[in-house]
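Beneath this line is the structure, given in structure tokens, with notes to follow.
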Amino acid sequence: MKNVNTKSVIALTTGVLSIFIPIVGLALAIIGLMYSSKSLKEVKASEEKGKEMAVAGKICSIIGLCLQLLLLLLIILSFAAFSSYQQYSFLL
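So the sequence shown is numbered by full-length UniProt numbering: it starts at 1 and just counts up by one.
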């Protein structure tokens, strides 16, 4: 019986968590991408199970990274809009 690659499990876990946890998910997505890349190389070299989990972790990490960057962009834009509103509020 072949063992499941541990890094594949970590990649999938961090990838899924990166989608659902705000702000911290950015770091989780980067960690998930690193672990999934390492895991895919290890699975290819040593016929362990876990290739599907590594690929799913990579996909979830990419989706999580995109969502987290979008969230960060929205936060920055909202702060910029709010600060400019405060500066010109005396005109209203």
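Just so it is clear, CB atoms sit at the ideal spot from N, CA and C, and this is done for glycine as well. Note that this is a predicted model, so its numbers are computed, not measured.
Locate the alpha helix (DSSP H) running through residue i, then write down its first and last residues.
| i | result |
| --- | --- |
| K49 | Per DSSP, K49 belongs to no alpha helix (DSSP H) and is neither H nor E. |
| V4 | First-last for V4: undefined, no H or E at that position. |
Check whether the Cβ atoms of residue i and residue j sit closer than 8 Å, and answer yes or no.
| i | j | result |
| --- | --- | --- |
| A81 | L12 | no |
| G32 | C60 | yes |
| K58 | K7 | no |
| A29 | L40 | no |
| I10 | Y35 | yes |
Report, in whole angstroms, the separation of the C-beta atoms of residue i and residue j, which I expect to be a contact under 8 Å.
| i | j | result |
| --- | --- | --- |
| S18 | G50 | With 8 Å as the limit, S18 and G50 do not qualify as a contact, their Cβ atoms being about 19 Å apart. |
| V4 | E48 | 7 Å |
| L77 | P22 | Not really, about 16 Å apart at Cβ, beyond 8 Å. |
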